[in-house]
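**Q** Right, I'll just put the structure down here and ask away after.
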Amino acid sequence: MADITSDLKADTTSPAQWSRSKWASVLLLVAVVLTTLRYGGLLPDSLHRIPEAMIPPFAAWLDVFFNFVKDDLGLLTLTRTLTEGLEWLLDITANLMFGKRRWPFIGPIPWTAVAGVAAVVGYHLGGWRMALLGAGTFIWTALIGQWTIAMETMSVLMVAAPLAFFIGLGLGILAWKYAAVNRAIKPILSVLQTLPFFTYLLPAVIFFKVGPTAGAVATTIYAIPPMILMTTLGLQKVPSEVVEAGNMSGCTKWQLLRHVYLPSARTEILVGVNQVIMLCLAMVVLTAFIGMPGLGAKLLAMMGSFKLGRSFEIGVTIVLLAVTLDRMSKAWVVRQPVHFERGTPWWRKHIVLLMCIGVFVFFCIAAQFVQVFAEIGRKQNFSQGKEIDTLIKGFLALDPVQNTTQAIRYVLNVWILNPFRDFLLSIPTPAFILLVVAFALSLGGGRPAIYAAIFFGLVALSGWWDRSVITLYSVISAVTLALLIGVPLGITAARSEKWSQRVLLACDTAQTFPSFIYLIPAIMLFGITATSVVMSILIFAMVPLTRYTIEGLRTVPPEMTEAADMAGATRMQKLMKVQLPLALPTMAVGFNQAIMFAFFMVIIAAFIGTQDLGQELQRTLAGTDLGKNFVLGICVSLMALTFDLTIMKWATERKKALGLPD
Amino acid sequence: MNKFTTALTAGVLAFAPMTLLAEDSSDPIVIPVHNWSSQIVMSHVVGQIFESMGNNVEFVTTDSQAVYESVRLGDVTLEMEVWEGAFGASFRAALEKGGLHDAGDHDAVTREDWWYPMWTKDACPGLPSWEALNECAAVFATAETGDKGRYLDGPVDWLKHGQERVEALGMDFVVVNAGSAAALWAEIGAAEADKRPVVVFNWTPNFAEAVWPGEFVEFPEWVDGCDKDPAVGPNPDALYDCGNPADGYLKKAAWDGMKDKWPGAYDVLTKISFTNPQIAEMARLVDVEELEPEEAAAEWLEANPDVWQGWTS
Amino acid sequence: MTAETVISCKNAWKIFGADPKKYLRSMPAGLSFDDIRADGYIAGVKDVSIDVTRGEMLVIMGLSGSGKSTLVRCFSRLHDITGGTITVEGQDLMSLSEKELIELRRNKMGMVFQSFGLLPHRTVLENVAFPLEMRGQDKHARRERALEVVKLVGLEGREEYFPRELSGGQQQRVGIARSLAIEPDIWFLDEPFSALDPLIRREMQDEFLRLQGMLGKTIVFITHDFDEALRLADRIAIMKDGAVEQCDTPDQIVLNPATEYVRKFTEEIDKARVVRAGVLAQGQVMGEGEPVEASASVQDLARLLVQDARAVIPVAQSSKVIGGMDRAAALEILLEAS
Ligand SMILES: Nc1ncnc2c1ncn2[C@@H]1O[C@H](COP(=O)(O)OP(=O)(O)OP(=O)(O)O)[C@@H](O)[C@H]1O
Ligand SMILES: [Mg+2]
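Chains as they are written, first to last, in the working numbering: chain A, 1 to 662; chain B, 1001 to 1313; chain C, 2001 to 2338.
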């Protein structure tokens, strides 16, 4: 990153930037001096770390506050009442999907009926391929013996996703309508998007009772932000003449919203729906920590008893579900209404619905007579858990694999990671903050620098400084490695359309595959060490880097590359002088996402064994330490936000300077 | 309800005193399940027994520490496995706050301590004595630990005091904390491939016994107060200079309201007692035979009617 | 016929910018459009005073960006004016409550938009029936009515199409049909025929003329096409930089342009087609012989003007002589055109 920035400075030497980088250098210098003093033993301890006594008891204050809100203001009573309503909904879907003994006592729906309907809907949306994907996913789930647990998951998502949709839509409309709401919501959304999920989980349990209700609530909250953003965006984009036409037709405010705005913002709203679905699926495993039943809980249990094969199969199910729902909802987004000729009979207009009902009823009846149509019993299923186990273990035990990983482990741990960590820990707190501020200043300018100072100052005051630094160290190490691997991979793939597609597909898959499953092979290869942690983050962080590199390079306007060709540039020159500089702002977005993903994954990596914030967070889950949980979560969020603000600022400025579209 | 439970119900109805059945509430008894197999199967076994008595049963997945808070509040009704070592503290804390109570012990002991898989013995024949382990510390060395041995302790929040013990006994070991149980198994699994010697934290009853035969390291025997009074144990100046108790309890816990709401089921709960081999068998059905927990429970019930039918009559 | 004023616009201003109200209050009098722009504001409508009478067809013309659409939007209160007053049927537009405004639009006003403003998710029929639906009309009645106007604009057979599936001209006709559906008293038409081919355009013009003549509709019509304006207009308003330069009957505009700008703007027009005998009739000398019709244009009378020898030709309206036309002056206009 350093090279790139200095490079850019050179070609945009506006006076403002000059003073920016000058100031940054000054800050850097002070930091170096402070650190040197520390090494020389001249810096008093109170300047190295904030003394214990001066750290305000945020957690205790927050606890007092939470207890006040929870008990004295009666929030708990309220949420527990809400829980009952939610439970009622969840009971209905649970009865339908897997036959929980609750009203309406008609489930479970036979798996063949679900697969059949998925096929019809798939066909309607995307032809035979989509039909195959839809039916295939559910057939796989049934045959592999995961039907019930998958439906446990689905029954919660079927409640959480619509909830997230409606709440997100409502808030999105409010934010679009009232500037004040928008101003209030924006920062909350940024924090929510960077807050570690463990911080959602504990309040969910406390306020909404352990089990599917808490799971549904945590999932809902996690999935709301993009829905809000997309709704607002969509509504803003409705052409003014369409709105005026609505006005002139005598619409009331409500009619205008209902009949004009919302239908016209259809595309963006559906994109929001797609994102809601994807985020809901991302929470499947994480919510298992607070008692959400289903695939996630099963996965954790399988990992807890070292069944790699079965965990892997569950992972595949989750990926398949995600891919199916993703593709179908995306197909729905691009699908535009098509007219029927006049005089088309009623049944033709509703053929899809009729087919769905037909298939559904057929299989429901068939299931009464043919047992396998209703349920595939344990002994009939085709799980290959043990075989996959042997395969994975065999692969991991191969000599070349072992030798390579041993070497990597040794080099990384002994020479790079541990010394780097110790170095970061040896920097005095004020010097560290100055470093971060200098970074923010030189990249993003004054505003991000001020935020960086405030945010990291707060982290220092939280009393979790060392753990925060270790968290940051894992993130930095992993993202640096991800840069070294992901960017060249992206550059290579971007050369041909075919490879771009393949690599992007791999990125999609890697991203939807439950991250927990990476942990075990990582440990088996690299032991419980920093290398495992960094490696498991690396896989995750590489995805956006590679994706955005490919996208950035492939969207460079062809005139520009042609101009370079005409000027007789070699391929390398073209890449370095034309394509990369133009793709850089897009790549920076990928870089930013990589950091955000790394902050996400570093928390999960606590399950390998770390000494960072994630470990403490994981620990709070078992208790009722809401205050501490929140303080820890905010620490992660503040660090992530600092990077987010800085890098995004840089990317937008840069894009504007280059005259690229947003 | 599957055929098996229907048959069971019929069978049990003949035995069971009708008075008790009539009194139990029709609300579901909520049984928590955690993420290790013996507990899951045992919970299903008990659940199916309750169902056979005509009760409604529901299972929820919960955290094994947080569950006591839920039992206390009545969100879940009971807990089948309260381990002295692992959950004693949470259990006692909840007990003090009130709302749940001790529903009797299983006829089983629990133990948790330093442990090694059998192949380790080839590299360090003096085991299981801790002194012998310390002698061959170098065998357990890794790239990061230099020439000291590496001991993989449970997650920090389990508070297993591995570090303190190493210091108290002057052992040549570096303590590394795993982040989760899964991480422990992954390490053992990785070591299994080339039969690399490892020493890790482990406990019994546990599925691992069935997968990797092994033994606990024998430390100086546990004496009460070893964790509170430095004078106790071989090192007069240090705490934690003994091994953990080799016979910890395994309890059941119940919500205070259970007795009144489901008197029949409560009565059975207090009578239930499983032994170590029975628990191991339950775990084996899932871990080795790869049955689903419900099926494993049904199978176990079918195979051991003499064990449980006494409790329901 | 007593001219009843339907829309009355007095010193209306519409300024775009950060805080237009404040700006207008503190603005010194006599600032030009460019002065205002230099202050960071745009004067969409600049001090416009104009009255539209019942049954009149007022055509607004002007270059692109001169504020035509903005003015019409002020008439329908799609824009809140920054200053001045606009009254519609005696009600001050700006003081209307939301409910009253909705009532007014539902029952009295219709508008056709420059870029159609169709709802993309509704079929042709549903788009046309939309205002009726908003009024709460029942399903069958509004369907009947919608089918009727869809037929009127020649889109029969395309009722179930979505806007996306139609050509520009067809889309525009949907917009026209939609505004026709509620038979409004006051009609705002923002370049309603711009995307139509000449044949259909002609038909549509005739249709509007018919409606206006038959039902006495008040129409404010924006167009760039002079032929169209001359065909339709009772009066023409010519706008420049937000202000109305002149508003008068077509022949007056042509004969007596108020400003240099209007003169330039109307330069290209064939005056002989515009100027009618009635306008040239002087009061004092009646002339003798057979009178000509006041509504006949100079061009219509070309043959007569050339062949007749009278210096002054009488002009009659409803068989009553109203004045005499100076033949030389009329010939002058005729010659100037050719
Ligand atoms: N919502 C708005 N915000 C700011 N400026 C506007 C807005 N609407 C119109 N304007 C400005 O007001 C001026 C008049 O625009 P208007 O649309 O009325 O022009 P017009 O005469 O209809 O042009 P055309 O013939 O191209 O339709 C233009 O300079 C335009 O930029
Ligand atoms: Mg216009």
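Where a beta carbon is used, it is the ideal one built from N, C-alpha and C, also for glycine.
1) Can you check whether the CB of C:Gly2278 is closer than 8 angstroms to the CB of C:Val2306?
2) Cβ of A:Gln501 versus every heavy atom of ligand 2: is any distance shorter than 7 angstroms?
3) With distances taken from CA atoms, which of C:Ala2330, C:Arg2145, C:Leu2280 is nearest C:Leu2125?
4) What beta strand (DSSP E) runs, 3 residues minimum, are completely inside the stretch 1053-1099 of chain B?
5) Is C:Gln2114 near ligand 2, judged by its Cβ being under 7 angstroms from some heavy atom?
6) Could you check which residue in C:Ala2181, C:Gln2252, C:Gly2154 has the C-alpha nearest to that of C:Gly2110?
7) Establish whether the CB of A:Glu341 and some CB of chain C are separated by less than 8 angstroms.
8) Could you check which residue in B:Pro1213, B:Ala1283, B:Ala1123 has the C-alpha nearest to that of A:Ser305?
9) Check whether the Cβ of C:Ser2167 lies closer than 7 angstroms to any heavy atom of ligand 2, and answer yes or no.
10) If the criterion is Cβ atoms closer than 8 angstroms, does the pair A:Ala438 and A:Leu189 meet it?
11) Using 8 angstroms as the limit for Cβ to Cβ distance, is A:Arg266 near chain C?
12) Provide the residue span of the beta strand (DSSP E) that contains C:Ala2309, from first to last.
13) What residue range does the beta strand (DSSP E) around A:Trp88 cover?
14) Apart from the five residues just before and just after A:Ser264, which ones in its own chain have a Cβ nearer than 7 angstroms to its Cβ?
15) How would the residue list near ligand 1 read, in chain order, if you kept each one whose beta-carbon is closer than 5 angstroms to any heavy atom?
16) Identify whether A:Ser46 lies in helix, strand or coil by the three-state DSSP scheme.
17) Per DSSP, what kind of secondary structure is C:Cys2009 in: helix, strand or coil?
18) Using only the alpha-carbon positions, how far apart do B:Leu1021 and A:Pro104 sit?
19) Between C:Glu2133, C:Pro2028, C:Val2275, C:Thr2259, which has its C-alpha nearest C:Gln2252's C-alpha?
20) State yes or no: is the beta carbon of C:Pro2131 nearer than 8 angstroms to at least one beta carbon in chain A?
21) Using the DSSP secondary-structure output, state which residues sit across from C:Cys2247 in a beta bridge.
22) Short of 8 angstroms in beta carbon distance, which residues of its chain neighbour A:Arg654, apart from the five on each side in sequence? Order them along the chain.
23) Output yes if chain C places a C-beta closer than 8 angstroms to the C-beta of A:Ala331; else output no.
24) Beta carbon of C:Asp2225: closer than 7 angstroms to some heavy atom of ligand 2?
25) What is the DSSP secondary structure of B:Val1200, reduced to helix, strand or coil?
26) Counting only the same chain and skipping the five closest in sequence on each side, list residues whose C-beta sits under 7 angstroms from that of A:Ala679.
27) Go through its chain and collect everything with a Cβ distance to A:Leu195's Cβ below 6 angstroms, but skip five positions before and after it.
28) Work out the CA separation of A:Pro293 and A:Met355 for me, nearest whole Å.
29) Let me know the secondary structure DSSP gives B:Asp1107 once reduced to three states.
30) Are three or more beta carbon pairs between the stretch 1031-1049 of chain B and the stretch 310-328 of chain A nearer than 8 angstroms?
31) B:Ala1103 and B:Leu1269: beta carbons closer than 8 angstroms?
32) If the criterion is Cβ atoms closer than 8 angstroms, does the pair C:Val2045 and C:Val2006 meet it?
33) Write down every uninterrupted run of the alpha helix (DSSP H) in the stretch 192-258 of chain A whose length is 4 residues or greater and which is fully enclosed by it, in chain order.
34) Counting only beta-carbon atoms, is B:Ser1037 nearer than 8 angstroms to chain A?
35) Can you give, in chain order, each stretch of the alpha helix (DSSP H) that sits fully within the stretch 379-457 of chain A and has at least 4 residues?
**A** Here's the rundown:
1) Indexing the third sequence from 1 puts residue 2306 of chain C at position 306. Indexing the third sequence from 1 puts residue 2278 of chain C at position 278. No.
2) Counting from 1 along the first sequence, the entry for residue 501 of chain A is found at position 501. No, since every heavy atom of ligand 2 falls outside the 7 angstroms radius drawn around the Cβ of A:Gln501.
3) Here the question's residue 2125 of chain C lines up with position 125 in the third sequence. Measuring from the Cα of C:Leu2125, the nearest candidate turns out to be C:Arg2145.
4) 1057-1061, 1078-1083
5) Your numbering for residue 2114 of chain C matches position 114 in the third sequence. Yes, ligand 2 has a heavy atom inside 7 angstroms of this Cβ.
6) As a first step, residue 2110 of chain C is located in the third sequence; it is residue number 110 there, counting from the start. For C:Gly2110, the nearest C-alpha among the options comes from C:Ala2181.
7) By one-based count along the first sequence, residue 341 of chain A stands at place 341. Yes, A:Glu341 counts as interfacial toward chain C.
8) As a first step, residue 305 of chain A is located in the first sequence; it is residue number 305 there, counting from the start. A:Ser305 has its Cα closest to that of B:Ala1283, out of B:Pro1213, B:Ala1283, B:Ala1123.
9) Here residue 2167 of chain C refers to the residue found at position 167 of the third sequence. Because no heavy atom of ligand 2 lies under 7 angstroms away, the Cβ of C:Ser2167 does not count as near it: no.
10) As a position in the first sequence, residue 438 of chain A is number 438, starting the count at 1. As a position in the first sequence, residue 189 of chain A is number 189, starting the count at 1. Not a contact, by the Cβ cut-off of 8 angstroms.
11) By one-based count along the first sequence, residue 266 of chain A stands at place 266. It does: the Cβ of A:Arg266 has a partner Cβ on chain C nearer than 8 angstroms.
12) As a first step, residue 2309 of chain C is located in the third sequence; it is residue number 309 there, counting from the start. That residue, C:Ala2309, is in no beta strand (DSSP E); it is neither H nor E in DSSP.
13) Along the first sequence, one-based indexing puts residue 88 of chain A at 88. Here A:Trp88 belongs to no beta strand (DSSP E); instead the alpha helix (DSSP H) covers 75-98.
14) Locating residue 264 of chain A in the first sequence gives position 264, where the first residue counts as 1. The residues are Val238, Val242.
15) C:Phe2016, C:Ile2042, C:Gly2044, C:Ser2064, C:Gly2065, C:Ser2066, C:Gly2067, C:Lys2068, C:Ser2069, C:Thr2070
16) Here the question's residue 46 of chain A lines up with position 46 in the first sequence. Helix.
17) The residue labelled residue 2009 of chain C in the question sits at position 9 within the third sequence. If DSSP states are grouped into helix, strand and coil, C:Cys2009 belongs with the strands.
18) By one-based count along the second sequence, residue 1021 of chain B stands at place 21. By one-based count along the first sequence, residue 104 of chain A stands at place 104. Low local confidence applies: a pLDDT of 45 at B:Leu1021 is under 50, so the model's placement there is unreliable, with the coordinate-based value given in what follows. B:Leu1021 and A:Pro104: Cα-Cα distance of roughly 26 angstroms.
19) As a working note, residue 2252 of chain C is residue 252 in the third sequence. It is C:Val2275 whose Cα lies nearest to the Cα of C:Gln2252.
20) Mapped onto the third sequence, residue 2131 of chain C falls at position 131. With 8 angstroms as the cut-off, C:Pro2131 counts as an interface residue toward chain A.
21) The sequence position of residue 2247 of chain C within the third sequence is 247, counting from 1. Bridge partners of C:Cys2247: C:Ala2237.
22) Here residue 654 of chain A refers to the residue found at position 654 of the first sequence. Here the set comprises Leu8, Leu584, Pro585, Ala588.
23) Your numbering for residue 331 of chain A matches position 331 in the first sequence. Not an interface residue.
24) If you number the third sequence from 1, residue 2225 of chain C lands on position 225. No, Cβ of C:Asp2225 sits at least 7 angstroms from all heavy atoms of ligand 2.
25) Here residue 1200 of chain B is taken as the residue at index 200 of the second sequence, counted from 1. B:Val1200 falls in the strand class under three-state DSSP.
26) A question about residue 679 of chain A goes unanswered here, because the residues of chain A that appear run from 1 up to 662.
27) As a first step, residue 195 of chain A must be located in the first sequence, where it is residue number 195. Excluding positions up to five away in sequence, the list reads Gly633, Ser637.
28) Along the first sequence, one-based indexing puts residue 355 of chain A at 355. Along the first sequence, one-based indexing puts residue 293 of chain A at 293. Cα-Cα distance, rounded: 32 angstroms.
29) Taking the second sequence and counting its residues from 1, one reaches residue 1107 of chain B at position 107. Note: B:Asp1107 maps to strand in three-state DSSP.
30) no
31) As a first step, residue 1103 of chain B is located in the second sequence; it is residue number 103 there, counting from the start. As a first step, residue 1269 of chain B is located in the second sequence; it is residue number 269 there, counting from the start. Contact flag set, yes.
32) Taking the first residue of the third sequence as position 1, residue 2045 of chain C is located at position 45. Taking the first residue of the third sequence as position 1, residue 2006 of chain C is located at position 6. Cβ distance not < 8 angstroms, so C:Val2045 and C:Val2006 don't count as in contact.
33) 197-208, 212-236, 240-248
34) Position 37 of the second sequence, counted from the first residue, corresponds to residue 1037 of chain B. It does; some Cβ of chain A falls within 8 angstroms.
35) 385-397, 399-410, 418-426, 429-444
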